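Novice:
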Amino acid sequence: MCAQLIDFTSTPKGGAEFQARISRARDILDHGGLVATPTETVYGLCADAKNDEAVAKIYTAKGRPSFNPLIAHVSDMEMAHSLVDLSPMAHKLAAAFWPGPLTIVAPGRDTAQISPLARAGLSTLAVRLPAHPIMRALISSLGRALVAPSANRSGSLSPTTAEAVMEGLGAHIDAIIDAGPCEVGVESTIIKVAADQVTLLRPGGVSREQIETLTGSALSAREQAKIEAPGMLASHYAPRAPLRLNRDHAAPGEAFLDFAGSIADTDQPAAYLDLSPSGNLAEAATNLFSYLRQLDILCQRDNLRGIAAAPIPGDAIGEAINDRLARAAAPRND
Ligand code: AMP
Ligand code: MG
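For the sequence shown, the numbering used here begins at 233 and goes up steadily by one.
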């Protein structure tokens, strides 16, 4: 199988052609197929959340461990309410950050139309209302939730372009929607909300500061020993090449991933990309996975020894960037 490409790069939103292409993707999902779709964070691998066989295919295509639950994506608040019981605090967070890159983990309803496979035996359910117009149009057209982990093999770099999806999963899925590169570039922030208590499970597109400003108190830290999300595994988001962090120069034969032009003019790394020459963290997040991927490809092609990365400030979306880099650099699981 080779995934068909559904091209939205020159299809204006709202026109007849836009609707026709949404319907084509919707029909594949309605019949239990897998469609990779852009979201504002990264490309997601979508399946009909209530279809057991379709959800099982996600785990197979990604090589994802079955203990990792999936996020249910909805197109409006009513659909969210049909899946989870949102406390007043969860509601306040949803009202402030949806549609957008925030995932809320809350008690799941018994009546939620979600395959048990996607829930991995948990009583809670992770829900997000994404902002991307194509993802939302697709969910509304289907009329029910889509589960959508990142559209890559489990453990490897997340895709921010259709080409990256094709390279990793093209042989294993039915279709890929191409709508150009993703805006945010790192995955959603995942929070668990139990009554008034808000715990950060994974930093992401909405920053800690934004959430704390809204709730008026510091986010709780998760219990260290417990893995509640695969993005919490020590090694995840990994390129094939070894990665060294917080470096001010590259070793001989090493590529360099810079931030704000920190490297000395005299240094000549074997390959070089700057996440944001002007030091803009949002721009660095957008470029993170695609630049790691490009340097990884150069490492393989030119037989380089690995990638060194410059330090990145930890505030705002820098927390998510540092989280992904730390996991990309961790000793590998296998
Ligand atoms: P991904 O879509 O692959 O970026 O990952 C989605 C994340 O949501 C995973 O890390 C899941 O483990 C996490 N997740 C989904 N459901 C739950 C839940 N009920 N409790 C905690 N984390 C969850
Ligand atoms: Mg992922």
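Note that the Cβ used here is the ideal one computed from N, Cα and C, for glycine as well. The model shown is predicted, which means the values in this text are computed figures rather than measured ones.
DSSP on ASP534, reduced to helix/strand/coil?
Specialist: Residue state, collapsed to three classes: helix.
Novice: What's the C-alpha gap between VAL243 and ASN519?
Specialist: Per the sequence shown, the amino acid found at residue 243 is Thr instead of Val. Their backbone Cα atoms lie some 24 Å apart in a straight line.
Novice: Quick one: residues in its chain with C-beta nearer than 8 Å to the C-beta of ALA558, no 5 flanking neighbours on either side, listed in chain order?
Specialist: For ALA558, where only same-chain residues beyond five positions count, the Cβ hits under 8 Å are LEU477.
Novice: Say yes only if the C-beta of ALA326 is nearer than 8 Å to one or more non-hydrogen atoms of the ligand AMP, and no if none qualify.
Specialist: ALA326 Cβ: outside cutoff for every heavy atom of the ligand AMP.
Novice: Within the present structure, is the beta-carbon of ARG556 separated from the nearest heavy atom of the ligand AMP by less than 8 Å?
Specialist: ARG556 Cβ: outside cutoff for every heavy atom of the ligand AMP.
Novice: Between SER390 and PHE521, which are expected to be in contact by the criterion C-beta below 8 Å, what is the C-beta distance as a whole number of angstroms?
Specialist: With 8 Å as the limit, SER390 and PHE521 qualify as a contact, their Cβ atoms being about 5 Å apart.
Novice: Let me check one thing: in DSSP terms, what residues is GLN345 bridge-paired to?
Specialist: DSSP output for GLN345 lists no bridge partner at all.
Novice: Kindly indicate the opening and closing residues of the beta strand (DSSP E) around ARG434.
Specialist: Looking at the DSSP string, the run of the beta strand (DSSP E) that includes ARG434 is 429-434.
Novice: Would PHE329 be called buried (16 or more neighbouring beta carbons within 10 Å of its own) or exposed?
Specialist: So PHE329 counts as buried.
Novice: DSSP three-state call for GLY340: helix, strand or coil?
Specialist: Here GLY340 sits in strand by DSSP.
Novice: Taking the Cβ atom as the reference point for each residue, do ALA293 and LEU261 lie within a distance shorter than 9 Å?
Specialist: Result no, Cβ atoms of ALA293 and LEU261 do not sit closer than 9 Å.
Novice: Take SER382 and list the residues in its own chain whose beta-carbon comes closer than 6 Å to its own, dropping the five residues that flank it on each side.
Specialist: Taken in chain order, the residues that qualify are VAL274, SER390.
Novice: By Cβ distance, which residues of its chain are closer than 6 Å to ARG537, with the 5 residues on each side in sequence left out?
Specialist: GLY485, GLU486.
Novice: Kindly provide the ranges of any alpha helix (DSSP H) runs that are 4 or more residues long and lie completely inside the region 249-279, ordered along the chain.
Specialist: The region 249-279 contains no whole alpha helix (DSSP H) run of 4 or more residues.
Novice: Verify whether the separation of the beta carbon atoms of ALA279 and VAL379 is less than 9 Å.
Specialist: Against a cut-off of 9 Å, the Cβ pair of VAL379 and ALA279 comes out as a contact.
Novice: Decide yes or no for the touch test of the region 489-498 against the region 434-451: beta carbon pairs closer than 8 Å, at least 3 of them.
Specialist: They do not touch, by the three-pair rule.
Novice: Under 8 Å: do the region 529-549 and the region 499-511 share three or more Cβ pairs, one atom per stretch?
Specialist: The region 529-549, when compared against the region 499-511, does touch it at the 8 Å Cβ threshold.
Novice: Within 10 angstroms of its Cβ, does SER307 collect 16 or more other Cβ (buried), or is it exposed?
Specialist: Buried: at least 16 other Cβ atoms inside 10 Å.
Novice: Mapping the DSSP letters down to three states, classify MET233 as helix, strand or coil.
Specialist: Coil.
Novice: Just mark LYS245 as buried or exposed, buried being the case when its beta carbon has 16 or more other beta carbons within 10 Å.
Specialist: Label assigned to LYS245: exposed.
Novice: To which residues of the same chain is ALA457 closer than 6 Å at the C-beta, ignoring the five residues directly before and after it?
Specialist: For ALA457, the predicted model reports a pLDDT of 44, less than 50, meaning its position is unreliable; a value from the coordinates is still stated below. Within the same chain, ALA457 has no close Cβ partners at all.
Novice: With a CB to CB cut of under 7 Å and the five nearest residues on each side skipped, what residues in its chain are close to GLY295?
Specialist: Closer than 7 Å at Cβ, skipping near neighbours: ARG385, SER386.
Novice: With DSSP run on the structure shown, which of helix, strand or coil describes VAL397?
Specialist: In the structure shown, VAL397 sits in a helix (DSSP, three-state: H, G or I).
Novice: Taking the alpha carbon of THR343 as the reference point, which residue from ARG351, SER314, PRO509, GLN442 has its own alpha carbon closest?
Specialist: If we check each option's Cα against that of THR343, SER314 comes out closest.
Novice: Just to confirm the assignment, what range does the beta strand (DSSP E) spanning THR421 have?
Specialist: Element bounds for THR421: 421-426.
Novice: Distance check for LEU318 and GLU444, CA to CA, integer angstroms please.
Specialist: Distance between the alpha carbons of GLU444 and LEU318 is about 18 Å.
Novice: Please identify the residue among ALA322, ALA473, HIS263, PRO331 whose C-alpha is closest to the C-alpha of VAL425.
Specialist: That would be ALA322, whose Cα lies nearest to the Cα of VAL425.
Novice: What's the C-alpha gap between THR421 and LEU433?
Specialist: Roughly 8 Å between the two C-alpha positions.
Novice: In terms of alpha-carbon separation, which member of MET311, LEU374, GLY340, ALA540 lies closest to GLN251?
Specialist: The option with the nearest alpha carbon to GLN251 is LEU374.
Novice: Where does LEU378 sit, in a helix, a strand or coil, going by DSSP?
Specialist: Correct three-state label for LEU378: strand.
Novice: Where does the unbroken alpha helix (DSSP H) through ARG580 begin, and where does it stop?
Specialist: Examination of residue 580 is not possible in this model, given that the chain is present from 233 through 566 alone.
Novice: My output table needs one value for ILE408: the three-state DSSP class, helix, strand or coil.
Specialist: In the structure shown, ILE408 sits in a strand (DSSP, three-state: E or B).
Novice: Among the candidates ILE405, PRO563, SER467, whose CA atom is the shortest distance from the CA of ILE238?
Specialist: ILE238 has its Cα closest to that of ILE405, out of ILE405, PRO563, SER467.
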